[in-house]
Structure formats: C-alpha cells, structure tokens
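Note sheet for the following structure.
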Amino acid sequence: MHRFLLAVLRRDLTLAARRRGDWLIAQFFFVMVASLFPLGVGPEPEMLARIGPGVLWVAATLASLLSLARLFEDDHRDGSLEHMVLSPEPTVLLVLGKSLAHWLIYGVPLLLIAPVLGIQFNLSWEAILVLEISLLLGTPILSLLGGVGAALTLGLRGGGVLLTLLILPLYIPALIFGAGAVDGVMAGTGAEAHLSLLGAFMVLSLMIAPWIAAAALRVSLE
Amino acid sequence: MPDALLSVHDLACARGERLLFKGMNFSLCQGQLLLVQGGNGQGKTSLLRLLTGLARPEDGEVRWRGESIRRIGEAYHAEMCYLGHANGVKDDLNPVENLRFADGLHGRAFDQARAVATLERLGLNRCLDLPCRVLSFGQRRRVALAALLLAGAALWILDEPLTGLDVHAVALMEGLIREHLTGGGMVVATTHQALNLEGVSVQRLLVGNVAIPELV
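Line order of the protein sequences matches chains A and H. This note's numbering applies: residue 799 is where the first sequence begins, and numbers increase by one. This note's numbering applies: residue 10 is where the second sequence begins, and numbers increase by one.
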C-alpha cells in the first residue's frame, strides 16, 4: 500500500521536474495576480495591509485552479490513468497520492513565495506568520477538493472552465477562514478560532474528498 | 473440461441509448485465447472494458474464479493486465522509468536487470535512456508490451495489440501470446490482423451482427 502511494508520488514529482515550465507558470501566476492589486488600488500602506491577506488567498486559490485542470487530464490522454485505476490498490489511494503530489508541487512553493508578497503588502511579521500557517493548513484543502473537481470534469470539453465554476464555491470556507485568520491577528482579536476551523476543514476534506474523487473518476472513465 | 476462470453471464452493453449486444455468454479456461471479432463500432472495445471492470454492464456480470469482478475488484486487478488503445506510457519518462512505475503500481519491487532484459527482448536496446516522447509509435507500443510481460498477470486483455507493430514485432507478439498460453495464461484480444497461432486453443466471439471474413 505504501509502495503504491510512494510510486504515485515519485512519478508525479519526476514528471513535474521534467516539465518545469508548467510548474513555473503556476508560481508566476500567483506572483502576478498578487502584484496587480497594489498597482490597481494604489500604494497606500494601510490600504494594502487591509486587503493583503484576502488578495494573497484569492491569488493562491486561482493559482491552484490553474494547475488542477491537468491533474488527471494528461494521464487520461496517454492511457496511464486506466492502468492506475486497474492496479491492485484502491482508487482512493491513487487520488490521495495524486492530490498529495499536487500539493507538494504547487502548494508548497506558494508557502515559500507568500512571505515575500506579504512584505509587498506591508503585512507585519506576526501577520505573515499567521498567513503562512493558514496557507499550510489551507493549500492541502485546495488540492484535495480540486481533485474532486478534476475527476468530475475529466474528459469533458471545456472542462477547465467548468472545473473553475464547480470548485471555486467549495473553496469559499477555506478562503474565509484563511484570510480571516490573518485579519484577526491584525485586528488584535487573535487567529486561533479561524485556524482551528481551517484545520478542521482540512481534516474533513482529507477524509471525504478522496472517496468522492475516486467515485467520480470511475464514472468519468466509463 | 477444466474449470473456467473467466466467465461472462448474460452480458449486455449499451453506449448511451444504443444497445450494442445482450445475452452474451462465454467462458475462458487456462491456456485459452479468446479472439473477439467484429466490425468497427460493433462493441469490441466496449466488451473489453466491461471485462476489465472499467465500464459497468447494462445487465449480466463478469466473473473471475466464480466471483463477480465488481465484488472482488482489486484482487481481480492483481491477476489481470489490460492494454488498451492508449499505451499508458509517459512521454517524459524513459522506457525503464516507465516500467519502474508500473512495478510500483503493482506493489512489486523493481528488478532493473529484468526490466532491461525484457526491453531488449522487445528490440528496444537502443532506446533505453531516451524519453518515450522521441520514440516512434511502434516503439512506444513495445514499451507497453514490456510492461504487460513484467506484470506477470494470468489474464491479458489486449485491445488491438498489433496496431503500429512491424512484421518482426507481430511475429514476436505471436510468440509471446503462445508462450503465455502454454504457461497457463489466458488472453482476450481483438485484432483486425491475421495471427499465426498454431497449436493454441482459440475461441472466437463475434460481436455485433456484421459478418467478417476469417482472419486466422
């Protein structure tokens, strides 16, 4: 079982390393979207600090959507998805492995870039720390729920757009609690409540999303 | 008559509103080849996908060792290997890495020497460290066949296995199928090409109602 999970992880990480262009696009997108806001709303430091957490969180969700459309698509096209589904291990484990790989490839780099963007938005160090914790708890949710969307829209024409419409509403709780935690620490009300809820949502997604995605995948492959 | 390992009971298949076939019954014993024949669009691929469990039948069921494949699921997958139209070969990995991943999927430890030997047997000795992207269609098909050989499954389900293969590879494939059958394996295959399979127990199944000329 662990060998299967490791094989899926290792394979996706190798493939990502071979196609660094795709990987960089998502990171650049995150930086670009977040950097457009100061240009659009003006450079007042108070204003930027006020909108910063929300903007960074929205940019992170959009960046993860960008890469999710291809979570299963490439494997579906060359037939390797069928081989993986027909392997002796449960499909749930496959989905879990792919979501985990997606998080490592696209989620973790966001954690590394976010502090730099936080400085750009004039966030305090304390706020940046909470932003990091919220992203650490929140980005796995994006990958896990995104896996459900990617499985549902697999093989559909215009699946990418449909995926966005389908998944963005599901991201709302993560967005609210994630950005709320940073707002909380800046307003002095503390971030614990938001972070706890975000953590609970992450655990919930971890328990439920792979099962739904596996069922959706089987339907899409029929 | 030995016990049939794979059996199909009153199988019906529909694509959308269209019923492709119904009331299909057959069984396959060790050492037997089932050649599925029929014109384009008659449901050959659909039948094979039902046999793998990728698709659900409209009616009836597929049984492996007497148990419905729906119920035994992963245990059946461990003994079955499917090669569809798509090769399931990753373009960014080289043939050896592709086989390594296939082994990982099945929870086997990777045996590099054996993988290389299999690839060489299939005539890929000059492409071992090239990404599959630069290989020709037929060579990629050979990589997929190497994965099939290494899987060591009892049942092979092959959808047009000879597509894109040259004369030598077709002869090699015939040899591999014969070897697999004499070793007690089973093969379900569709093909439009003539196969030279002397000394092999062949069952023929005509899917759909379009008669086609004898192939073998």
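Heads up, the beta-carbon is just placed ideally off N, CA and C, and yes, glycines get one too.
- For Gly97/H, the neighbours in chain A by C-beta distance under 9 Å run, in chain order, Asp873, Asp876, Gly877, Ser878, Leu879, Glu880, His881 and Met882.
- At least 8 Å separates the CB of Ser1018/A from every CB of chain H.
- Leu63/H reaches chain A at Glu880, Val883, Leu884, Arg1016, Leu1019 and Glu1020, counting residues in chain order whose Cβ is nearer than 9 Å.
- Annotation for Lys53/H: the continuous alpha helix (DSSP H) segment containing it runs Lys53 to Thr61.
- Of the residues Ile926/A, Ala985/A and Leu898/A, the one whose Cα lies closest to the Cα of Leu803/A is Leu898/A.
- Membership of Arg24/H in the beta strand (DSSP E) is indicated by the continuous run Ala13 to Arg24.
- Among the CB atoms of chain A, none fall inside 8 Å of the CB of Phe146/H.
- Annotation: the continuous alpha helix (DSSP H) that includes Val831/A extends over Arg818 to Val839.
- If you check the CB distance, Trp821/A and Ile903/A come in under 8 Å.
- Annotation: the continuous alpha helix (DSSP H) that includes Tyr969/A extends over Gly957 to Ala985.
- DSSP places Arg1016/A in the uninterrupted alpha helix (DSSP H) bounded by Glu990 to Leu1019.
- Phe802/A has a beta carbon lying within less than 8 Å of a beta carbon in chain H.
- When the Cα atoms are used, Leu57/H and Asp19/H turn out to be separated by approximately 15 Å.
- Distance from Leu164/H to Leu29/H at the Cβ level is roughly 22 Å; contact not present, criterion being Cβ atoms closer than 8 Å.
- Per DSSP, reduced to three states, the secondary structure at Phe119/H is coil, with no helix or strand assignment.
- Rounded to the nearest whole angstrom, the C-alpha separation of Leu1019/A and Gly840/A is 49 Å.
- In this structure, Pro170/H sits near Leu92/H, with a CB-CB distance shorter than 8 Å.
- For Met33/H, the number of other beta carbons within 10 angstroms of its own is at least 16, and it is reported as buried.
- In the DSSP assignment, Gln918/A falls within the alpha helix (DSSP H) that extends over Val906 to Gln918.
- Residue-level contact check: Glu26/H does not touch chain A, since none of the beta carbons of chain A fall below 8 Å from its beta carbon.
- Ranking Val983/A, Asp872/A and Ala857/A by CA distance to the CA of Leu966/A puts Ala857/A first.
- Assignment of beta-bridge partners to Glu844/A by DSSP yields no partner.
- Taking 8 Å as the cut-off, the beta carbon of Ser77/H is found no closer than this to the beta carbon of Ala64/H.
- With respect to the 8 Å criterion, Val98/H and Ala153/H are classified as neighbours on the basis of their beta carbons.
- At least 8 Å separates the beta-carbon of His992/A from that of Ala1012/A.
- Apart from the 5 residues on each side of it in sequence, Met1000/A sits with its Cβ closer than 6 Å to the Cβ of Leu935, Pro938 and Ile939 in its chain, given in chain order.
- For Ala805/A, the nearest beta carbon of chain H is closer than 8 Å to its own beta carbon.
- Distances from the alpha-carbon of Val806/A to those of Phe870/A, Glu844/A and Gly988/A put Phe870/A closest.
- Secondary structure at Thr812/A: helix, using DSSP grouped into helix, strand and coil.
- With a cutoff of 8 Å on beta-carbon distance, Leu128/H and Ala155/H are scored as near each other.
- Going by DSSP, Asn107/H is part of the alpha helix (DSSP H) stretching over Pro104 to Leu114.
- Of all residues in the segment 887-918 of chain A, only Glu887 and Pro888 place a beta-carbon less than 8 Å from a beta-carbon of chain H.
- The beta-carbon of Thr812/A is placed less than 8 Å from the nearest beta-carbon of chain H.
- Taking the Cα of Leu174/H as reference, the smallest distance to any Cα among Leu131/H, Leu214/H and Leu159/H is reached at Leu131/H.
- For the C-beta of Arg809/A, the chain H residues within less than 7 Å are, from N- to C-terminus, Phe110.
- Within the segment 862-908 of chain A, the complete alpha helix (DSSP H) runs of at least 4 residues fall at 871-875, 878-883 and 889-900.
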